[in-house]
C-alpha cells in the first residue's frame, strides 16, 4: 500500500449547460521510475500510477495511460463539456493494485 | 599505388560513414518502434496537432507539456532520448471538448518530445519539439 | 572606498552582460506580492531587492501563480495532516493547543529571533513544542515532516513583508551572520557575497544567479521535487564551493539565516515558493 497518496482536484462548482470547463487534477505519488539504484547498487523497482480516468455521470471524459516518465505527483489539466448537473468521478490506478478515487459535484444551470 | 591509396581513402570514408549510420542512438529507433506500434505504420500528417513544450527546461524532473488536437481520439507522447520512450497516452472521451491535455514529464537529457495523434477519421498526425535539458551551476 | 568602487564597476560590467531579472509582477491567485523592494539601509552594495522568483524561467514562474499548480502545496496539505495528528506521550496534536493554524500569521516574518538569550528558528520552536509539551521525538531539521510543518506555518504569513529584528539582543547574532556571509570558504574560496551580491543576474553555467533570498522558504525545488529548508540550501551551497558545510540547526547557519533574512527585509513571504 503506497503511503501518503492523496488526490486533489480543481473543478468549478457551477457552470452553464454546454459550457466547457477546465479541470486540474493532482495526486501525490512518488512515481518510482524503475531507473534509480539504491545505495547498494540495486535497482529500485518501478512503482507508479499507471492509469488515470475521469468520468462524468458515467460518461468518459479522459483516460490516460501513464508511464514512468510522468513527473512525481502526476498532474493533468484537461477540458470537459458539461451538459447537465452531476458528478465527476476521478480514479487513479497504482502499479501495486491500489485504486484512489475522488468525486466532485457540479451544478449546471 | 596512388589509385589504391585513393581507393583506400574512399573505402575508409564510406566505412566511417556506414559506421556512424550504424551507431545512431539506439533510443531513437525505440521511439520509432513505439510510433509504429501506435500507428500500424500509417503515414503521419502534420498541422492538426499542437505540442507545446519549453525550449529550455531548467530541470528534467518537471517539464510542462501540452498536446492539443481537435478531432483526435487519442494522443500518445514519446521522448526519444529517455531510457523508455513512452511517456503517456491520452484517450479522449465523448465529453472531452477540446481534445487537449497538459501534464508534467521527466526528460533525462536534451531530446525530442514527439506527439502522435490518432484522428477520428483513422488518420495520424505528428508533432515534435526539441527540449534542451540543462543542469544549473548551483546544483546544491 | 576602493572596494566599493571596484564592486560598483564590476556590477556595471556584469549588469551589461547579464540576463537581467525580469520585471513581471508576482500575482498569486489575484494578489500581487511585493517581490521588488528598496534595499534596507544596512546593505551598502545593493539598491533593490528582487525575489528569487524574478530569476526563474517563465515556466517555473507560472507554477507559483496558482495554488493548485504550485507543486509545493501538496506538502502544505501534508503539514495540515501533521498539525492535526496526535503524537507523543501526552496524547496531543499541535491542534490541541493551537486551535487554528491561521493564528500563526506573522510568525514567519519575524524568525529567526532571540528567546531567552538564544537565537531560535522556526524548526527550534516546532521541536520545542514536540519534546517539551507533546512528549514526542524531535523532528530532524530538514525532514519531510519538518519541512511540511514549517511550510504550513510559513504559508500563514504568505504575502506579509519579511521583518526580522536585527538590533538589541539580536545584534551579536546578526553581526556573526554578516561576517559569515562575507567570508570566503572552501576549495573554490568563495563567499556568499561573491555570487549573490556581486553577481546576481549573471548566468553560472545554465543557472540564473539570484540574490539568494530566503523569503520563499521552505521552497519546492524542481531539482528534488520536495520542500527544502533554509539550512539544507545553505549546506548545498557550501558543498558546491567544496567547503565543509556547517551543521543544519547549528549556530552558524542560524546566524546566517538571521542576516540573510534581514537582506530580504520588505520582500513578501512566498512560502511555498517554486524554484529550480
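Chains as they are written, first to last, in this note's numbering: chain A, 1 to 109; chain B, 1001 to 1140; chain C, 2001 to 2276.
Glycine residues also receive a C-beta, built at the ideal position from the N, C-alpha and C atoms.
Requested in this report: Using a Cβ cut-off of 8 angstroms (strictly closer), state whether residue 1061 of chain B contacts chain A.
Outcome: Numbered from 1 along the second chain, position 61 holds the residue referred to as residue 1061 of chain B. It does; some Cβ of chain A falls within 8 angstroms.
Query - Near-chain B residues of the region 74-87 of chain A (beta-carbon distance less than 9 angstroms), N- to C-terminal order - result: Flagged, chain order: 74, 75, 76, 77, 78, 79, 80, 81, 82 and 83.
Report task. Count the other C-beta atoms from every protein chain shown that fall within 10 angstroms of the C-beta of residue 36 of chain A, then say buried if there are 16 or more, exposed otherwise. Result -> Position 36 of the first chain, counting from 1, holds the residue named residue 36 of chain A. Residue burial annotation: residue 36 of chain A is exposed, with fewer than 16 other C-beta atoms found within 10 angstroms of its C-beta.
Report task. Could you give the DSSP three-state label for residue 2134 of chain C: helix, strand or coil? Result -> Counted from its first residue, the third chain places residue 2134 of chain C at position 134. Residue state, collapsed to three classes: coil.
Requested in this report: Kindly list the residues whose CB is nearer than 7 angstroms to the CB of residue 2121 of chain C, restricted to its own chain and excluding five residues on each side of it in sequence; keep chain order.
Outcome: Counting from one through the third chain, the residue named residue 2121 of chain C turns up at place 121. Within the same chain, 2111, 2112, 2254 and 2257 come within 7 angstroms of residue 2121 of chain C by CB-CB distance, once the 5 residues on both sides are set aside.
Report task. Thinking residue 103 of chain A and residue 84 of chain A are a contact (beta carbons under 8 angstroms), I'd like their distance in whole angstroms, please. Result -> On the first chain, residue 103 of chain A is found 103 positions in, with the first residue counted as 1. On the first chain, residue 84 of chain A is found 84 positions in, with the first residue counted as 1. Actually they are not in contact, since the Cβ atoms of residue 103 of chain A and residue 84 of chain A sit about 16 angstroms apart, beyond 8 angstroms.
Query raised in the report: First and last residue of the alpha helix (DSSP H) that includes residue 2251 of chain C?
Result: Taking the third chain and counting its residues from 1, one reaches residue 2251 of chain C at position 251. That run of the alpha helix (DSSP H) goes 2251-2262.
Query raised in the report: Relative to the C-alpha of residue 1097 of chain B, which residue among B/1103, B/1108, B/1081 and B/1074 is closest?
Result: As a position in the second chain, residue 1097 of chain B is number 97, starting the count at 1. Of B/1103, B/1108, B/1081 and B/1074, the residue nearest in Cα terms is B/1074.
Query raised in the report: Does residue 2226 of chain C have its Cβ less than 8 angstroms from a Cβ in chain B?
Result: For the purposes of this step, residue 2226 of chain C is identified with residue 226 of the third chain, where counting begins at 1. Answer no: the Cβ-Cβ gap between residue 2226 of chain C and chain B never drops below 8 angstroms.
Query raised in the report: alpha helix (DSSP H) containing residue 2214 of chain C: first to last residue?
Result: The sequence position of residue 2214 of chain C within the third chain is 214, counting from 1. Here residue 2214 of chain C belongs to no alpha helix (DSSP H), and DSSP marks it neither H nor E.
**Report entry** Proximity winner among C/2107, C/2030 and C/2056, relative to residue 2163 of chain C (alpha-carbon distances)
**Finding:** Stepping through the third chain from its first residue, residue 2163 of chain C is reached at position 163. With distances taken between Cα atoms, residue 2163 of chain C lies closest to C/2107.
Report task. Using a cut-off of 9 angstroms between C-beta atoms, extract the partners of residue 2078 of chain C located in chain A. Result -> In the third chain, the residue the question calls residue 2078 of chain C occupies position 78. Those within 9 angstroms of residue 2078 of chain C in chain A are 4, 6 and 28.
Query raised in the report: Of the residues that make up the region 2081-2111 of chain C, which ones have a beta carbon closer than 8 angstroms to any beta carbon in chain A?
Result: Hits within the stretch: zero.
Report task. Count the other C-beta atoms from every protein chain shown that fall within 10 angstroms of the C-beta of residue 11 of chain A, then say buried if there are 16 or more, exposed otherwise. Result -> For the purposes of this step, residue 11 of chain A is taken as the residue at position 11 of the first chain. So residue 11 of chain A counts as buried.
Query raised in the report: Quick one, which of C/2231, C/2114, C/2265 and C/2243 has its alpha-carbon nearest residue 2249 of chain C's?
Result: For this step, residue 2249 of chain C is matched to residue 249 along the third chain. For residue 2249 of chain C, the nearest C-alpha among the options comes from C/2231.
**Report entry** Positions along the region 45-57 of chain A whose CB lies within less than 7 angstroms of some CB in chain B
**Finding:** Cβ contacts with chain B come from 56.
Query - residue 87 of chain A (DSSP reduced to helix, strand or coil) - result: As a first step, residue 87 of chain A is located in the first chain; it is residue number 87 there, counting from the start. Here residue 87 of chain A sits in strand by DSSP.
Query raised in the report: Under 9 angstroms Cβ-Cβ, which residues of chain B neighbour residue 65 of chain A?
Result: Looking up residue 65 of chain A in the first chain gives position 65. Correct list: 1076, 1086, 1088, 1089, 1090 and 1091.
Report task. Report the residue ranges of all beta strand (DSSP E) runs contained in full by the region 2024-2065 of chain C; include only those spanning at least 3 residues, in chain order. Result -> If you keep only unbroken beta strand (DSSP E) runs of at least 3 residues inside the region 2024-2065 of chain C, you get 2036-2038 and 2048-2050.
**Report entry** N- and C-terminal bounds of the alpha helix (DSSP H) containing residue 2233 of chain C
**Finding:** Translated into positions along the third chain, residue 2233 of chain C becomes position 233. Segment 2230-2240, the alpha helix (DSSP H) holding residue 2233 of chain C.
Requested in this report: Give the secondary structure of residue 2022 of chain C by DSSP, where H, G and I count as helix, E and B as strand, and everything else as coil.
Outcome: Residue mapping note: residue 2022 of chain C aligns to position 22 of the third chain, counting from 1. In the three-state DSSP reduction, residue 2022 of chain C falls in the coil class, being neither helix nor strand.
Report task. May I ask which residues mark the beginning and end of the alpha helix (DSSP H) holding residue 2144 of chain C? Result -> Position 144 of the third chain, counting from 1, holds the residue named residue 2144 of chain C. That run of the alpha helix (DSSP H) goes 2144-2155.
Query raised in the report: So who's on the other strand from residue 2115 of chain C, going by DSSP bridges?
Result: Counting from one through the third chain, the residue named residue 2115 of chain C turns up at place 115. Under DSSP, residue 2115 of chain C shares a beta bridge with C/2118.
Query raised in the report: Mind pulling the chain C residues with CB within less than 8 angstroms of residue 1052 of chain B?
Result: Working through the second chain from its first residue, we reach residue 1052 of chain B at position 52. Result: empty, since nearest Cβ-Cβ is about 10 angstroms, beyond 8 angstroms.
Query raised in the report: residue 2263 of chain C CB to nearest chain B CB: under 8 angstroms?
Result: The residue given as residue 2263 of chain C occupies position 263 in the third chain. Not closer than 8 angstroms to any Cβ of chain B, the Cβ of residue 2263 of chain C fails to qualify, so no.
Query raised in the report: In terms of residues, what are the limits of the alpha helix (DSSP H) holding residue 2160 of chain C?
Result: Translated into positions along the third chain, residue 2160 of chain C becomes position 160. According to the DSSP assignment, residue 2160 of chain C belongs to no alpha helix (DSSP H), since it is labelled neither H nor E.
**Report entry** Delimiting residues of the beta strand (DSSP E) encompassing residue 1119 of chain B
**Finding:** The residue given as residue 1119 of chain B occupies position 119 in the second chain. Going by DSSP, residue 1119 of chain B is part of the beta strand (DSSP E) stretching over 1111-1119.
Query raised in the report: Applying a beta-carbon distance threshold of less than 7 angstroms, which residues of chain C neighbour residue 72 of chain A?
Result: Within the first chain, numbered from 1, the residue matching residue 72 of chain A stands at position 72. Those within 7 angstroms of residue 72 of chain A in chain C are 2225.
Query raised in the report: residue 2246 of chain C by DSSP, collapsed to three states: which one?
Result: Numbered from 1 along the third chain, position 246 holds the residue referred to as residue 2246 of chain C. Correct three-state label for residue 2246 of chain C: coil.
**Report entry** Identified DSSP bridge partners for residue 1067 of chain B
**Finding:** Reading the second chain from its first residue, position 67 is the one you call residue 1067 of chain B. Bridge pairing for residue 1067 of chain B: B/1051 and B/1101 [DSSP].
Query - CB contact flag (residue 2087 of chain C, residue 2160 of chain C, <8 angstroms) - result: Here residue 2087 of chain C is taken as the residue at index 87 of the third chain, counted from 1. Here residue 2160 of chain C is taken as the residue at index 160 of the third chain, counted from 1. Not in contact: residue 2087 of chain C and residue 2160 of chain C (Cβ atoms no closer than 8 angstroms).
Query raised in the report: Going by beta carbon distance, what residues of the same chain come within less than 7 angstroms of residue 2022 of chain C, once the five residues before and after it are set aside?
Result: On the third chain, residue 2022 of chain C is found 22 positions in, with the first residue counted as 1. These residues qualify, in order along the chain: 2054.
Query raised in the report: Comparing alpha-carbon positions, which option in A/13, A/47 and A/43 lies nearest residue 5 of chain A?
Result: Within the first chain, residue 5 of chain A is the residue found at index 5, counting from 1. Closest by alpha carbon: A/47.
Query raised in the report: Where does residue 1007 of chain B land, buried or exposed, given buried means 16+ other C-beta within 10 angstroms?
Result: Taking the first residue of the second chain as position 1, residue 1007 of chain B is located at position 7. By the neighbour-count criterion, in which a residue is buried when 16 or more other Cβ atoms sit within 10 angstroms of its Cβ, residue 1007 of chain B is exposed.
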